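Beneath this line is the structure, given in structure tokens, with notes to follow.
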Amino acid sequence: MATTTLTKAPRGYDPAAATPFLEQFDRVRDGLPGGGLSWLNDLRAQGRARFAELGLPTVKNESWRYTNLRALDKLAFQPAAGTGEAVRFDVLPTVRADGATGPRLVFVDGRFRAELSSTAGLPAGVELLNLADALTRKPDLVAEHLGRIAAPDDQTLVALNTAFLADGPVLHVPRGVTVEETIELVFVSVGSEAQPTAFHPRGLIVAEADSRAVIVEHHVGLGSCTTLSNGVTEVFVGAGASVHHYKVQREHTDSFHLSHTAAKVAGKGVYDNFILTIGAKLSRNEVNSVLDGEEGDTHVSGAYMVRGGQHVDTTTFIDHAKPCCTSREVYKGVIDDQARAVFQGKIIVRPNAQKTDGYQQNRALLLSDTAEIDAKPELEIYADDVKCSHGATVGELDDDQLFYLRARGIDKDTARGLLIGAFLSEALEEIAEESVRDAFQSYVANWQNAR
Amino acid sequence: MAATTETVEQVRAVTEQKYKYGFTTDIESDVAPKGLNEDIVRFISAKKEEPEWLLEWRLKAFRAWLEMEEPRHWAKLSYPPIDFQDAHYYAAPKMKDRPKSLDEVDPELLKTYEKLGIPLREQEILAGVEGAEGKSPAIAVDAVFDSVSVATTFKAKLEEMGIIFCAISEAVHKCPELVQKYLGSVVPYTDNFYATLNCAVFTDGSFVYIPKGVRCPMELSTYFRINQANTGQFERTLIIADEGSYVSYLEGCTAPQRDENQLHAAVVELVALDDAQIKYSTVQNWYPGNADGVGGIYNFVTKRGACRGRNSKISWTQVETGSAITWKYPSCILQGDNSVGEFYSVAITNNFQQADTGTKMIHIGKNTRSTIVSKGISAGRAQQTYRGLVKILPKAEGARNHTQCDSLLIGDQCGAHTVPYIENRNRTARVEHEATTAKISEDQLFYCRQRGLSEEDAVSLIVNGFCKEVLKELPMEFAVEAQKLVGISLEGSVG
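So the protein sequences, as listed, match chains U and L. So that you can map any letter, position 145 of the first sequence is 142 in this note's numbering, and since no number is skipped, the others follow by simple counting. So that you can map any letter, position 329 of the second sequence is 331 in this note's numbering, and since no number is skipped, the others follow by simple counting.
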């Protein structure tokens, strides 16, 4: 009693929840691509061992206090069966107004669909391919970067992804190259009537010094089968390079969408991330951006709209590791019915990361009496010459604004719609690419119209 | 650039400044043997001649405590393990016959007061000199000298109005029904590791009851002193403001210098009924340890107020400059409709001090409002965290919260952290949170210097300005002491 007890099992984890996943892994292990690469086998084994040790996080885990994954426990997820070739598409989502096909990769239940993908319009030297192929065609590129910034030791879901990693998008932009065309990555969840399906897409984006690329991820669902997407993407932003990475998640409301994006930004590099969340029964987007060189800049923003029994979790971590960097974060969300939203945003300023300028804003609108928002903005600062601020507001629509519109003869529902639209538009303003912003605006409008 | 360097240097200079109130008074005391077990709990209860129900409550708490784990994982604090068996849980100064004048008072005690700068008349009152009451009308003091109230004053005056202000051990005998009804009603004996420990072994503290419709005519005050070497301090304070009443309570602390870390785990419970108001102000300047981070008080305090009645209000104001470790979250449970909670805090950490402090505002009733203003100043190698929760429950229609957390960093080896939690389950509630972190800006310094202020005055002015929003909330009696403390903590070498 004199001293505190030593740590036993890791606090805030449920190791037993790992069992069904581990059993599957042992079944599929030999069929995973790149089985001949010993470094890859080691990495997968490391992921498996870490996940076996931790299992799924519980609400006792500080980072998961507002998001409960117990629902996953009850569903025995199986790896996607077959090749997915049977699934036909009339149309795939795109931000292109003209309907033309630009460079894009399509994944169905985590598996690459070459016949739907294209590398048209890419400058010479730019590599856009799927991970399974990259392991044979570009093994050095993959070996040099995979698992370097999203290490399985850090996070149990990253460990799970690492154990199963099989396919996903790989983009390599050489030094000084600007990719004019927007690259689209399309992920379709289809699943199976027979059992809940899980897949673990693994992405890798490497932008060498002074290069530039715009990437849009579409996550959509077909049908209504229960699926779990547990994705991990690593983004390397070279010195002076800029990566604009946008994502819209419109899966159906029986799906689980867990995603972890880890970016590392070299000196004067720019990493710009925006996530629009509309779908999924339960979603969590984790975005980690490490400013690893002087004068780096990162924007991590997003908007979400949830209703019914949806649960949306946004967890961001911005790490000012070097001096003279800037970060900006603007999140806005609208929560209706019994939906629940979680925002956790942490900014850390390391010792000696002087002249840091960090800004974070997070605003939420509650539209019903049963909606809930939990927010935890966090600053951790170890340097003195910094300017950091965060602001959070939650509430309902402003009565004065409603009155103003009503007084001009606009009916109540239209007035509310206008105000909600205006509220979300402010977040979408953070998207620098006009074509992307316009497309995302239309998704917001569609959601509103469905009200 | 030079200005920054100098500011840092000034702070370093303060580092070496001796803790003004660091001394130990040698008074014979009645000490319980070291260690903690059921017998010690029984010993304390017997010493206090407590009724059976209170002993039972203590024992329940002690048994619950044995099952609890020390909360070491979530607060941003690091300190060596505490050996709860290596401390005395009871020490009482020997109560002799009341002295006739200060000449008869233990000279050691008087020296303590002198060093604290307590006026002679107040010293008489504190030392329990006969007839001293009534000479000084300004403040009523319930001095906690180590664990037992040495003197409770102004009683006659307060009693006329029906106000009860006495040591809690006295209240147990004087008004047992009130104590039994409210003790543990805000902070239950199962609340948390430190509060539960306090329930088991609390020795003394203050009790206040303000009857219906009474406005307490004076500020009620307690000087806490940790004095006996190796004595853990387990103060228990209970304040009840009945319907329509008002009370302002001051708590101030100084502690002797000692190398060994001392544990302090107090519990303060406030209850405000319909239309009642409680204002609770604290100035805490316990020994923070020396410049190398050796020694200093470990301060693990549970403070909570319940706004039980409609239109009730509880306001916490704190100036925290002392202690090696501060773990403290004065909170408000806003149950009554239209009730108001406030938290104003200035926390200054220097050298190796660590503070993890903030508040919880739990909105339960309709139209409940809360305001949080927290100013943190971190210097030297100190680490400071604001940790707060604003929780709006589904029935809290029209609830409002505004939170402002500002941190000021002085020097590049300290840290300032902000961890607010916002949980809103009511559509009509509005919650706003703002936090900033900055250092003293070159522009501000330049502006002051340009107008002929010395570097030192400029820094002092800026830091004072930074804290002003909070300091102005303090009662006048405390404001002076608080300003001095800000001085001791940061500007000592400046002015």
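Cβ atoms here follow ideal geometry from the backbone N, Cα and C, with glycine treated the same way. This one's a predicted model, so the numbers in the text were calculated from it and none came from an experiment.
Asked: Residue(s) in a DSSP beta bridge with residue 363/L; Found: 334/L and 392/L
Asked: Pair within 8 Å by beta-carbon distance, residue 246/L and residue 277/L; Found: yes
Asked: Whole alpha helix (DSSP H) elements within the stretch 111 to 191 of chain U, 4-residue minimum; Found: 128 to 134, 136 to 142 and 153 to 161
Asked: Minimum Cβ-Cβ distance from residue 421/U to chain L less than 8 Å; Found: no
Asked: Given 8 Å, three or more beta-carbon pairs between the stretch 356 to 363 of chain U and the stretch 322 to 338 of chain U; Found: yes
Asked: Residue 354/U: first and last residue of the uninterrupted beta strand (DSSP E) it sits in; Found: 353 to 363
Asked: Cα-Cα separation between residue 65/L and residue 252/U, rounded to whole angstroms; Found: 46 Å
Asked: Coil, strand or helix - residue 257/L by DSSP; Found: Note that residue 257/L scores 46 on pLDDT, short of 50, meaning its location in the model is unreliable and no value can be drawn from it.
Asked: Pick from 127/U, 105/U, 100/U and 54/U that is closest to residue 115/U, judged by C-alpha positions; Found: 100/U
Asked: Reduced DSSP secondary structure (H/G/I, E/B, other) of residue 197/U; Found: coil
Asked: Inter-stretch contact at 8 Å, needing at least 3 Cβ pairs: the stretch 172 to 191 of chain U / the stretch 144 to 151 of chain U; Found: no
Asked: Meets three-Cβ-pair contact criterion under 8 Å: the stretch 402 to 412 of chain L and the stretch 379 to 392 of chain L; Found: yes
Asked: Identity of the residue in 239/U, 387/U and 441/U nearest residue 293/U by Cα; Found: 239/U
Asked: Residue(s) in a DSSP beta bridge with residue 373/U; Found: 341/U
Asked: Cut-off 7 Å between Cβ atoms - residues of its own chain near residue 481/L, not counting five sequence neighbours on either side; Found: 473
Asked: Validate contact between the stretch 386 to 402 of chain L and the stretch 414 to 432 of chain L using beta carbons, cut 8 Å, 3 pairs; Found: yes
Asked: Cβ-based burial, residue 246/U [other Cβ within 10 Å; buried from 16]; Found: buried
Asked: Residues, ordered as in the chain, of the stretch 416 to 427 of chain L that lie near chain U by beta-carbon distance below 8 Å; Found: 416, 417, 418, 419, 420, 421, 422, 423, 424, 425, 426 and 427
Asked: Close-in-space but distant-in-sequence residues of the same chain around residue 308/U (CB under 6 Å, 5 per side omitted); Found: 279 and 337
Asked: Status (buried if at least 16 other CB within 10 Å, exposed otherwise) for residue 71/L; Found: exposed
Asked: Through-space distance from residue 64/U to residue 108/U, alpha-carbon basis; Found: 28 Å
Asked: Interface partners of residue 432/L on chain U, CB under 7 Å; Found: 392
Asked: Classification of residue 288/L by the beta-carbon crowding that lies within 10 angstroms, buried from 16 upward; Found: buried
Asked: Cβ of residue 414/L within 8 Å of any chain U Cβ; Found: yes
Asked: Residue-chain proximity (residue 239/L, chain U), Cβ-Cβ < 8 Å; Found: no
Asked: CB contact below 8 Å: residue 370/U versus chain L; Found: yes
Asked: Counted within 10 angstroms of its Cβ, other Cβ atoms place residue 25/U as buried (16 or more) or exposed; Found: exposed
Asked: Proximity below 8 Å, CB of residue 283/L to CB of residue 319/L; Found: yes
Asked: is_contact[residue 439/L, chain U] using C-beta, thresh 8 Å; Found: yes
Asked: Nonlocal neighbours in the same chain, by C-beta distance under 7 Å from residue 275/L, ignoring five residues either side; Found: 243, 244, 245, 310, 311 and 314
Asked: 8 Å Cβ cutoff met for residue 272/L and residue 188/L; Found: yes
Asked: Residue 366/U: contacting residues in chain L (beta-carbon distance under 8 Å); Found: 396, 428 and 429
Asked: Contact set for residue 27/U: own chain, Cβ-Cβ below 7 Å, skip 5 residues either direction; Found: none
Asked: C-beta atoms of residue 398/U and residue 418/U nearer than 8 Å; Found: no
Asked: Length of the line joining the Cα atoms of residue 466/L and residue 16/U; Found: 58 Å
Asked: 8 Å Cβ cutoff, residue 266/L in contact with chain U; Found: no
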